[in-house]
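Take a look at the structure set out below.
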């Protein structure tokens, strides 16, 4: 996984609540057996019309948001299906950071496994960011994970919370499986105990 | 110290923990399917890793399988490739697979309980958010992403942050015609689609105790639609009776010892939850979803809500957008909404009791001329049981299509999809935009409400629906 330390990028606003993973990557695109190549299908039913032509009214198709790498959105982003194809599609399209007042659990977790930083910010801050994006073409943010700080060129500076363990994994781009396998002895001991008595752990 | 059932399950599966880090939890059962596993197996191969416990891993094909005659060829080459990839991966890593042609094939959350794989006291994961279904047995069961599927394959463990606990006390007297589906839709309607985010729910109370195992599964299944990681119900005699004798259930002395352990799983008196919610069902009516998330529901006797009635601006905009997508006008009586399609199926409502209830409504009637209706049993076992009881004949005589098992039109990865603009009464779990097919409009309902809608061609109140008058 690519480490995430600091990122400066163009912000794209997606002003909708409860954006579910069926919208992020519709099911007809879940049939690939690779992790890559999903970006072309991101928000497919919103980005493209029935004939497969770009829908000019969808925000990500506005010329001013081309090349965006920070997605600004609303409550409960990533709800629904556990499909990791959703973060794969966002990453492949170019998004490294997602800002929202809240995220669905499984999606939030999946982001960290793929080097995407989902940041939870208070509703007022999100509202303010929507205003700034709207008012300033080419609006960019700098996201510093080490410092847990977001800044723009107009004097905005906000801090954010993140679980320290998730933070350190993302900063170093650590492989979860490698970390778990360091506890091989503990896993084996647990399995031996269970094999000796399959129900003792519940008693 | 008094502990909740969740805490007992958690504590008994911690392999390793240290402050400030996620706990390492042991996984007792890992269910896999064709759509969310290929990249996980590829990851194992690239890292030169093995599946640690193929004996605790079980696979089936369900998400993209066609539901027509299984002797016909699979025409979707990409779906076929996913199925073949799963088969190859299972062979390579020594995993038991219920493939398309197996008698045990079915929706992963239907076959787990059916085979006796799902048992109280277990930790169960699957790369599918509706894994919460298995919590009906008093297990801790939740959906995971593909990276975590790979993690479990490699280590049989998961790194997990401890979620909070939420008790939902379901009490009152459930009126006739109101089902477990209406109860869970009512709960989601009350707390919202993110009302339980960060929590594991324990469903408690008189109503839950009276529910059958299948009804409990319907409730737990949709926990994720309220944002919860998992939903669970304390195991009791009904649970033990259901599990007993099934293929993978403990036998003989093991059974006695298992039941002894399972009886200790219930939340201790005096244990506290991080949050509690009361839900009374006495005045609950059959519900119909009107919007594009499962929290947007109204009683069948109600009308499509006016977005102006939402106080929060963001919610108001979401409601406006939902009504535009659904092509509905505020104030329209739900019973005036005409439908084109009916889908009875999914891991929420395609078990034998669901099919029996729907068949009882359908018996002696005909599907409305403008409606195309399909029944997709949750598994081959459910299908065989239904056929043994003659339910297939009832459905077919009424004009329903009787299909092979799979996820089908719940998510429309196979050829069973809505056409743009089509409106469907569906027993599934998600009414998201495009979920059942691009431009398709989904209304979530119970199996008996879907059955009655098929016959009338519009939504009707199953409680007062005059069966004789419309025969």
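Chains as they are written, first to last, in the numbering used here: chain A, 1303 to 1505; chain B, 234 to 704.
The beta-carbon is built from N, C-alpha and C at its ideal position, and this holds for glycine as well.
C-beta neighbour in chain B for residue i, strict 8 angstroms
i: residue 1382 of chain A; result: yes
i: residue 1395 of chain A; result: no
i: residue 1466 of chain A; result: yes
i: residue 1479 of chain A; result: yes
i: residue 1358 of chain A; result: no
i: residue 1402 of chain A; result: no
i: residue 1450 of chain A; result: no
i: residue 1319 of chain A; result: yes
i: residue 1424 of chain A; result: no
i: residue 1505 of chain A; result: yes
i: residue 1474 of chain A; result: no
i: residue 1375 of chain A; result: no
i: residue 1342 of chain A; result: no
i: residue 1494 of chain A; result: no
i: residue 1421 of chain A; result: no
Span separating the alpha-carbon of residue i from that of residue j
i: residue 1355 of chain A; j: residue 333 of chain B; result: 36 angstroms
i: residue 1483 of chain A; j: residue 255 of chain B; result: 14 angstroms
i: residue 690 of chain B; j: residue 298 of chain B; result: 28 angstroms
i: residue 521 of chain B; j: residue 663 of chain B; result: 12 angstroms
i: residue 425 of chain B; j: residue 555 of chain B; result: 15 angstroms
i: residue 1315 of chain A; j: residue 428 of chain B; result: 24 angstroms
i: residue 463 of chain B; j: residue 584 of chain B; result: 20 angstroms
i: residue 1321 of chain A; j: residue 695 of chain B; result: 33 angstroms
i: residue 1424 of chain A; j: residue 1459 of chain A; result: 14 angstroms
i: residue 1364 of chain A; j: residue 1439 of chain A; result: 11 angstroms
i: residue 302 of chain B; j: residue 638 of chain B; result: 10 angstroms
i: residue 345 of chain B; j: residue 519 of chain B; result: 29 angstroms
i: residue 1411 of chain A; j: residue 598 of chain B; result: 48 angstroms
i: residue 1404 of chain A; j: residue 1375 of chain A; result: 9 angstroms
i: residue 374 of chain B; j: residue 457 of chain B; result: 11 angstroms
i: residue 571 of chain B; j: residue 692 of chain B; result: 7 angstroms
i: residue 361 of chain B; j: residue 291 of chain B; result: 14 angstroms
i: residue 339 of chain B; j: residue 253 of chain B; result: 41 angstroms
i: residue 1475 of chain A; j: residue 1362 of chain A; result: 28 angstroms
i: residue 1398 of chain A; j: residue 1308 of chain A; result: 10 angstroms
i: residue 635 of chain B; j: residue 588 of chain B; result: 11 angstroms
Sub-8 angstroms separation of residue i and residue j beta-carbons
i: residue 527 of chain B; j: residue 642 of chain B; result: no
i: residue 1319 of chain A; j: residue 547 of chain B; result: yes
i: residue 508 of chain B; j: residue 677 of chain B; result: no
i: residue 435 of chain B; j: residue 465 of chain B; result: yes
i: residue 1381 of chain A; j: residue 1402 of chain A; result: no
i: residue 277 of chain B; j: residue 383 of chain B; result: yes
i: residue 1343 of chain A; j: residue 1331 of chain A; result: yes
i: residue 1383 of chain A; j: residue 1311 of chain A; result: no
i: residue 308 of chain B; j: residue 609 of chain B; result: no
i: residue 246 of chain B; j: residue 364 of chain B; result: no
i: residue 1442 of chain A; j: residue 1429 of chain A; result: no
i: residue 580 of chain B; j: residue 343 of chain B; result: yes
i: residue 467 of chain B; j: residue 505 of chain B; result: no
i: residue 594 of chain B; j: residue 685 of chain B; result: yes
i: residue 446 of chain B; j: residue 484 of chain B; result: no
Residues that residue i bridges to, as DSSP identifies them
i: residue 634 of chain B; result: B:607
i: residue 1350 of chain A; result: A:1356
i: residue 511 of chain B; result: B:402
i: residue 364 of chain B; result: In DSSP, residue 364 of chain B forms no bridge with anything.
i: residue 1311 of chain A; result: A:1443
i: residue 1322 of chain A; result: A:1381
i: residue 676 of chain B; result: B:658
i: residue 359 of chain B; result: B:264, B:376
i: residue 1420 of chain A; result: A:1400
Cutoff 8 angstroms: residue i Cβ touching any chain A Cβ
i: residue 666 of chain B; result: yes
i: residue 653 of chain B; result: yes
i: residue 675 of chain B; result: no
i: residue 636 of chain B; result: no
i: residue 366 of chain B; result: no
i: residue 702 of chain B; result: Because the pLDDT of residue 702 of chain B is 43, which lies under 50, any placement of that residue in the model is unreliable, and the number read from its coordinates should be weighed accordingly. No - not a single Cβ of chain A is within 8 angstroms of the one on residue 702 of chain B.
C-beta neighbour in chain D for residue i, strict 8 angstroms
i: residue 1427 of chain A; result: Absent from the structure: chain D. Protein chains present are A and B.
- Message: Closer than 8 angstroms is the cut-off here; do at least three beta carbon pairs connect the region 322 to 335 of chain B with the region 400 to 418 of chain B?
- Response: These segments do not touch.
- Query: Three or more C-beta pairs closer than 8 angstroms, one from the region 391 to 405 of chain B and one from the region 472 to 489 of chain B: is that the case here?
  - Reply: When Cβ pairs closer than 8 angstroms are counted between the two stretches, the region 391 to 405 of chain B is seen not to touch the region 472 to 489 of chain B, the count staying below three.
- Message: So, does the region 252 to 271 of chain B touch the region 350 to 363 of chain B, judging by three or more C-beta pairs under 8 angstroms?
- Response: Judged by Cβ distances under 8 angstroms, the region 252 to 271 of chain B makes contact with the region 350 to 363 of chain B, as three or more pairs qualify.
- Are the region 560 to 574 of chain B and the region 318 to 325 of chain B in contact at 8 angstroms, needing three or more beta carbon pairs? A contact is defined here as three or more CB-CB pairs under 8 angstroms, and the region 560 to 574 of chain B fails this definition with respect to the region 318 to 325 of chain B.
- Message: Whether or not the region 1335 to 1352 of chain A and the region 620 to 631 of chain B are in contact is what I'm after, with contact meaning three or more pairs of Cβ atoms, one per stretch, closer than 8 angstroms; do they touch?
- Response: Counting Cβ pairs under 8 angstroms, fewer than three are found: no touch.
- Segment contact flag, the region 572 to 581 of chain B with the region 537 to 552 of chain B, C-beta cutoff 8 angstroms, min 3 pairs: Judged by pairs of C-beta atoms under 8 angstroms, the region 572 to 581 of chain B does not touch the region 537 to 552 of chain B, as fewer than three such pairs exist.
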